[in-house]
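These notes concern the structure reproduced below.
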Amino acid sequence: MTQVSPHRHHAIDYVELTVTDLEQAKRFYTEAFGWRFNDYGPGYAGIQSPQGEAAPEVGGLRTDQEVRAGGPLLLLYSTDLDRSVEAVKNAGGQVVNGPYEFPGGRRFHFTDPSGNELGVWAEA
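Its first residue numbered -1, the sequence shown is counted upward by one per residue in the working numbering.
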């Protein structure tokens, strides 16, 4: 019997963020975006899919002593960009650019408490 894989060929399948404090990072992403995690020990937590625990994980948080700058920029989607800005600030993140308009929408960039830069965008 052949089982259909939920993974797509050449699609972004898993994103791993390096963080300096795992508990602080989990708290930030839970408060700002409602993310949930699977704990695998003191140095790693898997990011649960927004489709629920039965779906494959979409990424992970891995601890290290420092975060390397210049990695890929991850963009999250928002249905209410202004509310997302406030959620990031309230959770302890820092908005570093925007919000600003671009063709088709608006977006902003922020850093999490470990220094990872991510972006959030919304349709116009």
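Ideal placement from N, C-alpha and C gives every residue a C-beta, glycine not left out.
| Check | Outcome |
| --- | --- |
| Buried versus exposed call for residue 114 [16 or more other C-beta atoms within 10 Å across all chains shown] | buried |
| Top-ranked residue by Cα proximity to residue 64, from 118, 15, 8 | 15 |
| Beta-carbon gap between residue 60 and residue 41 smaller than 8 Å | yes |
| 8 Å Cβ cutoff met for residue 105 and residue 117 | yes |
| Distance between beta carbons of residue 55 and residue 49, contact taken as under 8 Å | About 11 Å; that fails the 8 Å criterion. |
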